[in-house]
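Residue numbers (the working numbering), protein chains in the order written: chain A, 5 to 212; chain B, 5 to 212.
Ideal Cβ placement from N, Cα and C applies to all residues, glycine included.
Worksheet: one structure, shown below.
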DNA sequence: CATAAACTGTACCGATCGGTTTATACTCCG
DNA sequence: CGGAGTATAAACCGATCGGTACAGTTTATG
């Protein structure tokens, strides 16, 4: 556990290089030679830090998950009405989700979920789990302010439904069309549709 | 193209065996020996039908996609109000989506999307694309009957938002928790939440 | 400078895998 | 009967990969 987090200059260097290689090629196709070369480090050094390929892979995934969690938690919104808040959160989250690293992490983790169930669960908690919590907190504030009413389904369910709408089509297209990058306008459209729908369902009439 | 579809007894046998092996292990981890053994066929026969591992893989994915499309198109609903229709479609689709084969197909296709962009696009069109079309048709009927009003965003956008809500959390949990199978009650809850939210947003008041 | 530790580059081992070849048997058709 | 075509099991080839061994070089320390 203490060794999964790089405490060393070289360890961190290896971790970053391994992140690149694993995220680009996946677990099987990534070779230790590629990682060693990308890190500018000899094979012996690599194996002195991480005894097996699987251990290095686990460290990489946990590292990337923690980075992702941090970026989700750092999402800040300028105060305003709930529509503006949702638009801002939605745009930031969707942009993050459609970034190369997020998509690659998703691909890799899902691909090896059977082999590393522990990492898959960590990914779920780090990504969607954290986002649900963050969003639920904002929804609660809006509910207390009387801007929305989600009593019918609860805060968390409302949050996951919103992120579901947000993510749904966008992530699917990004995953299955790896050569094309979503435009900013396209992202805005997805966010707008999700926010509009959510507020029509749970926003108070004078806001929607 | 004409050879990607099995016209032969043995070809079909190989295709089915290869489906099992590829869906379970992914492209890299699946070996031609495993496929040959599962098909009860010699290596020479296998290579006489599909010249390379990649060709066999492509045939498998296309085959599975076409099966998936057929199953989506065959979703039939007993006539009734839009809420009942959405509940029924939602339940059927979500059950299909959370089945072992669907999840495995998703995992495999997404994992190799960079290597086989063509297959990834085929998957998108076969799965979510078809579902959107089917659902949009039902929504159109409901709109003509005055049960819903989706003029604000359009039929297709409404359909993708609904499937997004439906799929969102459910598929994510299934993908990252491979050892646990979603219960029927859990599926019902997801469907109910999505339908409720959708109708609160776009259903006419006397129905919601 | 001396010593120990760590690093490097490379060669190597054993295993696996995609794909080919071979030697043999079965089946159909004239 | 006989030959063409196709099936099979099994050995085999070349390449790749995870991991180890090792001889020599750098670096930190006292």
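message = Measuring only the C-alpha atoms, how far is residue 165 of chain A from residue 22 of chain B?
response = Residue numbering aside, residue 165 of chain A sits at position 161 when the first chain is read from its first letter. Residue numbering aside, residue 22 of chain B sits at position 18 when the second chain is read from its first letter. Rounded to whole angstroms, residue 165 of chain A to residue 22 of chain B spans 37 Å at the Cα level.
inquiry  = Can you tell me whether residue 132 of chain B is buried or exposed? The criterion is at least 16 other CB atoms within 10 Å of its CB, across all chains shown.
reply    = By 1-based counting over the second chain, the position of residue 132 of chain B is 128. Residue 132 of chain B comes out buried.
Identity of the residues DSSP links to residue 207 of chain B by a beta bridge = Mapped onto the second chain, residue 207 of chain B falls at position 203. Residue 207 of chain B is bridged by DSSP to B:152.
request  = Closer than 7 Å by C-beta to residue 215 of chain A: which residues in its own chain qualify, once you throw out the five before and the five after it? Chain order, please.
outcome  = With chain A running from 5 to 212 in the structure shown, residue 215 of chain A is simply not present.
key: Per-residue burial, residue 9 of chain B [other beta carbons within 10 Å of its own, 16 or more giving buried]   = In the second chain, the residue the question calls residue 9 of chain B occupies position 5. Confidence at residue 9 of chain B is low in this model, with a pLDDT of 44, below 50, so the placement of that residue should be treated as unreliable; the coordinate-derived value is given next. By the 10 Å Cβ count, residue 9 of chain B comes out exposed.
request  = Out of B:25, B:91, B:156, B:19, state which residue places its alpha-carbon closest to the alpha-carbon of residue 206 of chain B.
outcome  = The residue you call residue 206 of chain B lines up with position 202 of the second chain. It is B:156.
ask   = Of all the CB atoms in chain B, is at least one closer than 8 Å to the CB of residue 118 of chain A?
value = For the purposes of this step, residue 118 of chain A is taken as residue 114 along the first chain, with counting starting at 1. Contacts with chain B at 8 Å (Cβ-Cβ) include residue 118 of chain A.
query = So is residue 135 of chain B in contact with chain A if we call contact Cβ pairs under 8 Å?
reply = Here residue 135 of chain B corresponds to residue number 131 of the second chain, with the count starting at 1. So no, residue 135 of chain B is outside the interface.
query = What residue does the alpha helix (DSSP H) around residue 37 of chain B start on, and which one ends it?
reply = Counted from its first residue, the second chain places residue 37 of chain B at position 33. Note, residue 37 of chain B: alpha helix (DSSP H), 36 to 43.
query = What number of angstroms, rounded off, separates the C-alpha of residue 186 of chain A from the C-alpha of residue 94 of chain A?
reply = The residue given as residue 186 of chain A occupies position 182 in the first chain. The residue given as residue 94 of chain A occupies position 90 in the first chain. Cα to Cα, residue 186 of chain A sits roughly 15 Å from residue 94 of chain A.
ask   = Are at least three pairs of beta-carbons, each pair with one atom in the region 66 to 78 of chain A and one in the region 62 to 73 of chain B, less than 8 Å apart?
value = no
key: Closer than 8 Å at the beta carbon, the chain A residues around residue 206 of chain B   = On the second chain, position 202 is the one that residue 206 of chain B refers to. Under the 8 Å cutoff, chain A gives 201, 204.
ask   = With 16 other CB atoms within 10 Å as the buried threshold, where does residue 111 of chain A fall?
value = As a working note, residue 111 of chain A is residue 107 in the first chain. Residue 111 of chain A should be labelled buried.
task = Less than 8 Å between the CB atoms is what I'm expecting for residue 100 of chain A and residue 113 of chain A, so what's the real figure, rounded?
result = Translated into positions along the first chain, residue 100 of chain A becomes position 96. Translated into positions along the first chain, residue 113 of chain A becomes position 109. About 16 Å; that fails the 8 Å criterion.
request  = Write down every uninterrupted run of the alpha helix (DSSP H) in the region 116 to 151 of chain A whose length is 4 residues or greater and which is fully enclosed by it, in chain order.
outcome  = 121 to 128, 134 to 148
ask   = Just reading off the alpha helix (DSSP H) that residue 181 of chain B is part of, what are its end residues?
value = Looking up residue 181 of chain B in the second chain gives position 177. From DSSP, residue 181 of chain B is part of no alpha helix (DSSP H); its letter is neither H nor E.
message = Quick check: residue 167 of chain B and residue 201 of chain B, are their CB atoms within less than 8 Å of each other?
response = As a first step, residue 167 of chain B must be located in the second chain, where it is residue number 163. As a first step, residue 201 of chain B must be located in the second chain, where it is residue number 197. No.
request  = Give me the Cα-Cα distance between residue 37 of chain A and residue 27 of chain B, rounded to the nearest whole angstrom.
outcome  = As a working mapping, residue 37 of chain A is identified with position 33 in the first chain. As a working mapping, residue 27 of chain B is identified with position 23 in the second chain. The alpha-carbon atoms of residue 37 of chain A and residue 27 of chain B are separated by roughly 28 Å.
inquiry  = Quick check on this structure: which residue in B:181, B:171, B:16 has the alpha carbon closest to the alpha carbon of residue 192 of chain B?
reply    = As a first step, residue 192 of chain B must be located in the second chain, where it is residue number 188. The shortest C-alpha separation from residue 192 of chain B is found at B:171.
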